[in-house]
Structures are given as C-alpha cells and as structure tokens.
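Enquirer: These protein sequences, in sequence, are chains R and P.
Throughout the first sequence, residue numbering follows my numbering, covering 48 to 368 in sequence.
Throughout the second sequence, residue numbering follows my numbering, covering 12 to 358 in sequence.
Think of the CB as a built atom: it goes at the ideal place given N, C-alpha and C, for glycine as much as any other residue.
As the structure is a computational prediction, the values presented were derived from the model and not from experiment.
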Amino acid sequence: MQRDIKHELELYRRMRLIRRAEEKIVEHYGEDEMKTPVHLYIGQEAVAVGVCDALHPDDGVVGTYRSHGVYLARSEDVEGMFAELYGRTTGPGKGKAGSMHLAKPSAGLLMTSAVVGTTIPLALGIAFANRRKQNGRVGVAFFGDGATNEGVFWESVNFAAARRMPVLFVCEDNGLAIHSRREHRQGYRSISEVMRGFDFHVAHSDSTDPWEISKLTREMLARQREDGLPVFLHLECYRYVEHVGIREDRDFHLGYRRSEEFEHWWSRDPVNSARERLLESGVSADDLRALEARIEERLTRAVALARSAPLPTLDALWEDA
Amino acid sequence: MERTISYREAVNEAHVQEMERDERVFVFGLDVDDHKRIYGSTASLVEKFGPERCFGTPISEDAMTGMALGAALSGLRPVHVHIRVDFLLLAINQIANMITTAKYMSGGDLEVPLVIRAVVGRGWGQSAQHSKSLQSVFAHLPGLKVVMPTTPADAKGLLAAAIRDDGPVVVLEHRWLYDTKGPVPAGELVVPLGKARTLRSGRDATVVATSWMAVEALRAADLLASRGVEIEVIDPRTISPFDADAIVDSVGKTGRCVVADNDWSFCGFAAEVAATVSERCFGRLAAPVARIGWAFLPCPTSRDLENHYYPNAGQIVRAVETQLGVEPMGLEGVDFYTYENRFKGPF
Numbered sequence: 048m049q050r051d052i053k054h055e056l057e058l059y060r061r062m063r064l065i066r067r068a069e070e071k072i073v074e075h076y077g078e079d080e081m082k083t084p085v086h087l088y089i090g091q092e093a094v095a096v097g098v099c100d101a102l103h104p105d106d107g108v109v110g111t112y113r114s115h116g117v118y119l120a121r122s123e124d125v126e127g128m129f130a131e132l133y134g135r136t137t138g139p140g141k142g143k144a145g146s147m148h149l150a151k152p153s154a155g156l157l158m159t160s161a162v163v164g165t166t167i168p169l170a171l172g173i174a175f176a177n178r179r180k181q182n183g184r185v186g187v188a189f190f191g192d193g194a195t196n197e198g199v200f201w202e203s204v205n206f207a208a209a210r211r212m213p214v215l216f217v218c219e220d221n222g223l224a225i226h227s228r229r230e231h232r233q234g235y236r237s238i239s240e241v242m243r244g245f246d247f248h249v250a251h252s253d254s255t256d257p258w259e260i261s262k263l264t265r266e267m268l269a270r271q272r273e274d275g276l277p278v279f280l281h282l283e284c285y286r287y288v289e290h291v292g293i294r295e296d297r298d299f300h301l302g303y304r305r306s307e308e309f310e311h312w313w314s315r316d317p318v319n320s321a322r323e324r325l326l327e328s329g330v331s332a333d334d335l336r337a338l339e340a341r342i343e344e345r346l347t348r349a350v351a352l353a354r355s356a357p358l359p360t361l362d363a364l365w366e367d368a
Numbered sequence: 012m013e014r015t016i017s018y019r020e021a022v023n024e025a026h027v028q029e030m031e032r033d034e035r036v037f038v039f040g041l042d043v044d045d046h047k048r049i050y051g052s053t054a055s056l057v058e059k060f061g062p063e064r065c066f067g068t069p070i071s072e073d074a075m076t077g078m079a080l081g082a083a084l085s086g087l088r089p090v091h092v093h094i095r096v097d098f099l100l101l102a103i104n105q106i107a108n109m110i111t112t113a114k115y116m117s118g119g120d121l122e123v124p125l126v127i128r129a130v131v132g133r134g135w136g137q138s139a140q141h142s143k144s145l146q147s148v149f150a151h152l153p154g155l156k157v158v159m160p161t162t163p164a165d166a167k168g169l170l171a172a173a174i175r176d177d178g179p180v181v182v183l184e185h186r187w188l189y190d191t192k193g194p195v196p197a198g199e200l201v202v203p204l205g206k207a208r209t210l211r212s213g214r215d216a217t218v219v220a221t222s223w224m225a226v227e228a229l230r231a232a233d234l235l236a237s238r239g240v241e242i243e244v245i246d247p248r249t250i251s252p253f254d255a256d257a258i259v260d261s262v263g264k265t266g267r268c269v270v271a272d273n274d275w276s277f278c279g280f281a282a283e284v285a286a287t288v289s290e291r292c293f294g295r296l297a298a299p300v301a302r303i304g305w306a307f308l309p310c311p312t313s314r315d316l317e318n319h320y321y322p323n324a325g326q327i328v329r330a331v332e333t334q335l336g337v338e339p340m341g342l343e344g345v346d347f348y349t350y351e352n353r354f355k356g357p358f
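Structure below.
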C-alpha cells in the first residue's frame, strides 16, 4: 500500500469531521438540549478512521459507548448522530439509543453498548454467520483496554482462537478505565504480549497516523484470510476529555493522568499531524481551509436540522418494543 | 390413534423439524453434541445437520450468549442450550442488557430471533446450584418471552413457535418432565406463544400451575375428585407474555384461585398471577388467592429436606380445601413424588 495524497486527504477529512463533530457537542452541550451522557472520542480519531478505512462495507462492526468516532467513520452520518443526541425521531435509534448506543446496522455498525466488554462476543456471532455465508467478511469489535479486564473478553478471545473465527478485535488502549490507570488494573505488562500466547495474529501500534493504522489493519486482515486465524490489534491512543462529559480533563493534580503524557500525545495529535503532513506534501492551505469550511457548514446544518426535527410522540414509548 | 412419545423425544423432534424447515436455525451449547446430548433432546442433530449447525462450546456462557446475539443480528436463528438454568446467570448481562434491548434501541431496525433453552428444577439431590427455575427473573425483563412447556405436545409446539418467533425466547424445561409421555402429532406442530391451556375443567376452584407443578395439580385434581371437589387446572405455558384472560375467565367461573408455581413465590410469577386475579376478579372471589411455591431458601440436598422444600399435590389439596372451607381429606398412604422412584440420577 503506497501513500497517495488523495487517500490521505480523505483520511484527514474523516478525522476532522469526527473532531469537529465532537467539538460541536462541547459547544452546545451546556444548552441542556442534548440530554444524553457523551463519551467523547477527541484524541482517538486515527484509530476509528484508520481501522474502518481498511474494512469492507459488509464487515459487521460492534462498538462501545465511546463510538461517535466509529459511527462517523463507518457511516458519515453526522445528521443522524446529532438527531439521536438531541433525542429526535430522525436519529438512527429514533431517540431511544442516545450517545451510548449509537449504531447504524445499514452502515455495518450493528450495536454499541454502555456496559464494558459486552459487545465483544457479538463479533463471534457475526463472524460465525459470515463463515456460514462464505462471504469472506469479518466480525469486528472495538473495545477499550478497560474491557480486557472483563471475563467476557477472555472467553471471546479463547473461543475465537479455538474455533478460528474470522474476527478482528480492536483494543483501543487509551490507558485509562474511567479514572483507573493501566498499572492498577492489569497483572501483565502489555495486552499484546499476552495475546501472542493465543492462536491469533497480533499487532501493536501507537501510531496517530490513520494511514499507518489502515495499512496495518489491511495487512493483518490479509493474514487472516490466508490462514483463518483471528486478528488482535492493540492500538494505543489518548483520550483528551474526561471519561464522560465535555470537560477537558487536565486536572493533573488528581493523580490519574500526568501532564507529560498529555504533552507527548498532544505533540502527535492525529488531526494536527495529518494536516501538517498534507501541507508538507504540497496540498495548499487554501484547499485545506475549503475542505474544513465544508465540514463546518455540514456540522452547523446537522445541528440545526436535529434541533428542528420532531421529538417522538408519547405513543412512541410503546413502539418498536 | 394418536402417537405417544416422551417429552425428550418431542423436544428433539421440534429441533429436527425446524432445522429441516429453516437452514438458518442452528443449535449450540455445552455438550449438545456429546454422547449424552442434553438428556437426548439434541440427539441426531450433529449427524443430520453437521457440525456447523450443531456444536458444543467451551464453558463460556457469557461470550456464547453474546455470540448467539451476533449471529441472530446477522440473519441466523440460534438455539442456545443449557443443561441447567443456573448456568444462565453467567449470561444474564447479555440477556438483560443486550438481547432484550437491541430491537428497542435500534428503533425497530434489529430483530433478535434467538432461543435459549434451559433445563430447570428438581433432579436428584441437586442442591442449591443445579435446581433453580428462575422464570420470574427472565419474565421481569421487557423484550423477552418466557415459556415453560409441561406436556410433550407443548414441548414440541412451543419450541417450534419459539424458534419461529422473531424475538428472543427463553424455554424452560423441567428435568422430571423429560420422561413423561403424551400424544404428540408427528408432523409440524406450532403452539402459539402467549396462550394458556386448560389441562382439566372444574367448577370449584382454579389452580394455575406451571411446569412440574401442573403435574402435581393434576394429581391433586384426582385426589380431590375422589371427594367430589372438581378443580380447574390451567397451565399458563407462556409466563411472558402472560395470558391473563384465560385465568380471569376461569376464576370468574370458580371464584377461587390457587397458584402453584414451580419456583419461589416471593416476588415471583405466583405474585403476578395473584395480583392480576385480585385486580380483575376481586368482586367474584370467595376466598383470598393462595400461593404455593418452594420454601424461600436455597435448595437442600438431603432427600427428606428436599421433599419438604418442594411442594407437591398434597399442599394443593390442602389449599383448595381451605378455600372451600371443607374438612381436610385423609392423605395417608398416598404416594407423592412417585417420579423419584424411577429417577436414579446422578444428573
């Protein structure tokens, strides 16, 4: 896979869309019209964009309560996302899902869950169905490093390896489970080291470049197709904002997060770095500004559309049960 | 003449016929393909349909239930089997947080055609962790159907209906029912979910009895008939959705209601039935609704304690007599738990 400007520009556009959509939430959250707990994806954009870039539209994906990034990387549906956050009938869950259960089966994002680890085994079932259909597609589960503390993670890993399920497990390791640091939660150095003991293809990366993550994902999926072993991607990343809510979480005196960590990741911020790379590659600043302006327009319109969309009628309480 | 087969054969026949009818159906779970085949209920499936449609799993109830959900969302129709309902508690997160919420939270986009079969209730010295029933736990969750077939025909017809249903269904089969026999049509049989069945008609009192307790209720009906008391025995068959009308109609006729649920009564299905009867039949009740259930304790092992823990036809007879205000009949020499004389364990 060779780098090409067009592809990189597209990856930047997707990351920028996610970043700015999240920042739009921050901008409007205080108005108290989006009455849904948000777990923002700011800082982790390269993971969703990189991995989803390598996927086929028919690969079945499941995610977590921190899935705005995966939702947009999979569907581009900012209008649906804001409608759901505003609790409107035009959202993909018709206002019954909210931020934590944002999903769009028609775009290959089947379910997301607010209970840590619970969607991981769904990827096994998706993979099983794909194998039955012999369609060559995989089941994909995104989950955080906190989910690797759950029993269901190990059950799922064991089964995937034992039965060679066509799954891609993506561990988004931001080092924090709510406010608990990795070293307090795991009795091993690295999840990818442990995973190498299973019959899995395992890769680790701390890249913030979606192109590199896409390339790595494609390579691993190619190996999966060759010998049938499942894939585990251990992708380190960083969450800038508090676990739930919109506040930038730089209260370093609280002890669970260190300023040097933040500085390290901020210096390699996925969105800023991608922009710099594009400028260095000869993309004009004007072209980038035009692309960014289109994103702003689209987001402003999406928010306005959502706010003017109908709220569910009370009869809807009993619908779709 | 109608054909007579056992409950285990009826369950097996439903699997075979539904798997023949619909290739999306597959059956999996711990030991479904071993030499014992879940008391024979999954016999011949792996031979007939191959290991992709009938396979055993690791002891990973949580992940395997999540896998069933993923498969159901991807166009298949899984039947996940557990030899003890107690093990399903390891999967309650998938059931309560995922399976039962998927359709609603997707605004109706997702359907979850999924069946969970589990064997419940009394075995042979099974003690506290191999003996539960838990229908009330499952029935408490919106979005989940719960069925408890008592007769072989219902075992076949309700399982077929559960497999064809587009939503998640928990099917609870009592261990002691596996050897009971009854008339079962050989061809396709689908018993609609959500419909109670009157097992015996009577004018004096209504006994609502689930699963094995329906067998006890029929025994009680024979005993009471010998003294001229006729009870109506209603088997709800489906715990959720609950066929309240069938029970209300019967109590409207008899004016008395005893609920014998195969479970603890406290906060249970028996309480739900009693509340419904109280709300809808209050003016017609000649006596307060009575509830009969297991002692509200973990199940003990020792046989005498076990017999004391589980109610039987004798308690149903006494409850009906109390409601009617008649002298208790003599039950000396009546042999209860006769099934125990045939069942020699160990499982």
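Enumerate in chain order the residues of its own chain whose CB-to-CB distance from Asp140(P) is below 6 Å, with the five nearest sequence positions on each side excluded.
Expert: Numbered from 1 along the second sequence, position 129 holds the residue referred to as residue 140(P). Correcting the residue identity first, residue 140(P) is Gln in this sequence and not Asp. When the five nearest sequence neighbours on each side are left out, the beta carbons in the same chain lying within less than 6 Å of the beta carbon of Gln140(P) are those of Asp97, in order along the chain.
Enquirer: With distance defined between alpha-carbon atoms, name the residue in Gly205(P), Ser142(P), Val262(P) nearest to Trp275(P).
Expert: As a first step, residue 275(P) must be located in the second sequence, where it is residue number 264. With distances taken between Cα atoms, Trp275(P) lies closest to Ser142(P).
Enquirer: When DSSP labels each residue in this structure, what does Phe247(R) get in the three-state scheme?
Expert: Translated into the one-based positions of the first sequence, residue 247(R) becomes position 200. Phe247(R) falls in the coil class under three-state DSSP.
Enquirer: Which runs of the beta strand (DSSP E) at least 3 residues long sit entirely within the segment 20-68 of chain P? Give them in chain order.
Expert: 36-39
Enquirer: Roughly how many angstroms lie between the CA atoms of Gln146(P) and Ser289(P), to the nearest whole one?
Expert: For the purposes of this step, residue 146(P) is taken as the residue at position 135 of the second sequence. For the purposes of this step, residue 289(P) is taken as the residue at position 278 of the second sequence. Looking at the two C-alpha atoms, the distance is approximately 21 Å.
Enquirer: Looking at the ligand NAD, does it come within less than 7 Å of Gly178(P), judged from the CB to the closest heavy atom?
Expert: Looking at this structure, you won't find the ligand NAD or any other ligand, since it has none at all.
Enquirer: List the residues of chain P that Glu231(R) touches, going by C-beta distances under 9 Å, in chain order.
Expert: Here residue 231(R) corresponds to residue number 184 of the first sequence, with the count starting at 1. According to the sequence shown, residue 231(R) is His rather than Glu. Per Cβ cutoff of 9 Å: no residues; His231(R) is ~23 Å from chain P at best.
Enquirer: Hey, is Ser146(R)'s beta-carbon within less than 8 Å of any beta-carbon in chain P?
Expert: As a first step, residue 146(R) is located in the first sequence; it is residue number 99 there, counting from the start. No, its Cβ sits nowhere closer than 8 Å to a Cβ of chain P.
Enquirer: If we call anything under 8 Å between Cβ atoms a contact, is Arg208(P) one with Asp246(P)?
Expert: Walking along the second sequence from the start, residue 208(P) turns up at place 197. Walking along the second sequence from the start, residue 246(P) turns up at place 235. In this structure, Asp246(P) lies closer than 8 Å to Arg208(P) by Cβ.
Enquirer: Mind listing the chain R neighbours of Glu63(P)? Cutoff is C-beta to C-beta under 9 Å, in chain order.
Expert: Against the second sequence, residue 63(P) aligns to sequence position 52. Residues of chain R whose Cβ lies closer than 9 Å to the Cβ of Glu63(P) are, in chain order, Phe175, Arg178, Arg179.
Enquirer: Comparing the C-beta of Asn205(R) with each C-beta of chain P, is any distance below 8 Å?
Expert: Indexing the first sequence from 1 puts residue 205(R) at position 158. Chain P contact via Cβ: present.
Enquirer: How big is the Cα-Cα spacing for Thr159(R) and Pro299(P)?
Expert: Taking the first residue of the first sequence as position 1, residue 159(R) is located at position 112. Taking the first residue of the second sequence as position 1, residue 299(P) is located at position 288. Straight-line Cα distance between these residues: approximately 48 Å.
Enquirer: Tell me, which residues are paired with Glu219(R) by DSSP?
Expert: For the purposes of this step, residue 219(R) is identified with residue 172 of the first sequence, where counting begins at 1. DSSP output for Glu219(R) lists Gly191(R), Leu282(R) as bridge partner(s).
Enquirer: Please name the residue, chosen from Ile110(P), Gln326(P), Thr162(P), Val182(P), that lies closest to Val345(P) on a Cα-to-Cα basis.
Expert: Taking the second sequence and counting its residues from 1, the one referred to as residue 345(P) is at position 334. Residue Gln326(P) is the option with its Cα nearest to Val345(P).
Enquirer: Could you check the C-alpha separation between Ala368(R) and Thr137(R) for me, to the nearest Å?
Expert: The sequence position of residue 368(R) within the first sequence is 321, counting from 1. The sequence position of residue 137(R) within the first sequence is 90, counting from 1. Rounded to whole angstroms, Ala368(R) to Thr137(R) spans 18 Å at the Cα level.
Enquirer: Give me the DSSP bridge partner(s) of Leu156(R).
Expert: Taking the first sequence and counting its residues from 1, one reaches residue 156(R) at position 109. For Leu156(R), which the question treats as bridged, DSSP gives the partners Val108(R), Lys151(R).
Enquirer: Closer than 7 Å between beta carbons: that is the criterion. Which residues of the segment 192-221 of chain R meet it against chain P?
Expert: Those residues of the segment 192-221 of chain R that come within reach of chain P (Cβ to Cβ, closer than 7 Å) are Gly198, Val199, Glu202, Ser203, Asn205, Phe206, Ala209.
Enquirer: Tell me which residues share the same chain as Glu339(R) and place their Cβ nearer than 7 Å to its Cβ, disregarding the 5 neighbours each side in the sequence.
Expert: Stepping through the first sequence from its first residue, residue 339(R) is reached at position 292. So the list reads Arg63, once near-sequence residues are dropped.
Enquirer: In whole angstroms, what is the alpha-carbon distance linking Ile49(P) and Met78(P)?
Expert: Locating residue 49(P) in the second sequence gives position 38, counting from the first residue. Locating residue 78(P) in the second sequence gives position 67, counting from the first residue. Answer to the nearest angstrom: the Cα atoms are 20 Å apart.
Enquirer: Nearest by alpha-carbon distance to Arg121(R): which of Thr360(R), Gly172(R), Arg61(R), Arg265(R) is it?
Expert: Taking the first sequence and counting its residues from 1, one reaches residue 121(R) at position 74. Comparing Cα-Cα distances from Arg121(R) to each of Thr360(R), Gly172(R), Arg61(R), Arg265(R), the minimum goes to Arg61(R).
Enquirer: What distance in whole Å lies between the Cβ atoms of Ala172(P) and Ser251(P), which are believed to be in contact at a cut-off of 8 Å?
Expert: As a position in the second sequence, residue 251(P) is number 240, starting the count at 1. As a position in the second sequence, residue 172(P) is number 161, starting the count at 1. At roughly 14 Å, the Cβ-Cβ gap does not stay under 8 Å, so Ser251(P) and Ala172(P) are not in contact.
Enquirer: Quick check: what's the CA-CA separation for Phe200(R) versus Gly302(R)?
Expert: For the purposes of this step, residue 200(R) is taken as the residue at position 153 of the first sequence. For the purposes of this step, residue 302(R) is taken as the residue at position 255 of the first sequence. Cα to Cα, Phe200(R) sits roughly 28 Å from Gly302(R).
Enquirer: Return the chain-ordered list of same chain residues with a C-beta closer than 7 Å to the C-beta of Arg238(P), the five sequence neighbours on each side being excluded.
Expert: Locating residue 238(P) in the second sequence gives position 227, counting from the first residue. Around Arg238(P): Met340.
Enquirer: Per DSSP, what kind of secondary structure is Lys180(R) in: helix, strand or coil?
Expert: On the first sequence, residue 180(R) is found 133 positions in, with the first residue counted as 1. Three-state result, Lys180(R): helix.
Enquirer: Quickly, what does DSSP pair Ile89(R) with across the bridge? List them, please.
Expert: As a working note, residue 89(R) is residue 42 in the first sequence. According to DSSP, which records beta bridges pairwise, Ile89(R) is partnered with nothing at all.
Enquirer: Can the beta-carbon of Arg35(P) be found closer than 8 Å to that of Gly67(P)?
Expert: Along the second sequence, one-based indexing puts residue 35(P) at 24. Along the second sequence, one-based indexing puts residue 67(P) at 56. Cβ distance not < 8 Å, so Arg35(P) and Gly67(P) don't count as in contact.
Enquirer: Following the continuous alpha helix (DSSP H) through Cys292(P), name the residue where it begins and the one where it ends.
Expert: Here residue 292(P) refers to the residue found at position 281 when the second sequence is read from its first residue. Segment 280-292, the alpha helix (DSSP H) holding Cys292(P).
Enquirer: From the DSSP output, read off the bridge partner residues of Asp246(P).
Expert: On the second sequence, position 235 is the one that residue 246(P) refers to. Per DSSP, Arg208(P).
Enquirer: Just tell me which of Met81(R), Glu80(R), Val85(R), Asp51(R) has its CA closest to the CA of Glu295(R).
Expert: Here residue 295(R) corresponds to residue number 248 of the first sequence, with the count starting at 1. It is Val85(R) whose Cα lies nearest to the Cα of Glu295(R).
Enquirer: Where do the ends of the beta strand (DSSP E) carrying His185(P) lie?
Expert: By one-based count along the second sequence, residue 185(P) stands at place 174. Unbroken beta strand (DSSP E) run through His185(P): 180-185.
Enquirer: Counting only beta-carbon separations shorter than 8 Å, does Gly275(R) have a partner in chain P?
Expert: For the purposes of this step, residue 275(R) is taken as the residue at position 228 of the first sequence. Answer no: the Cβ-Cβ gap between Gly275(R) and chain P never drops below 8 Å.
Enquirer: Of all the beta strand (DSSP E) runs that stay within the bounds of the segment 131-160 of chain P, which reach a length of 3 or more residues?
Expert: 156-158
Enquirer: Establish whether the CB of Val116(P) and some CB of chain R are separated by less than 8 Å.
Expert: Position 105 of the second sequence, counting from 1, holds the residue named residue 116(P). A small correction: the amino acid at residue 116(P) is Met; Val does not occupy that position in the sequence shown. For Met116(P), the answer is yes, since a Cβ of chain R falls inside 8 Å of its Cβ.
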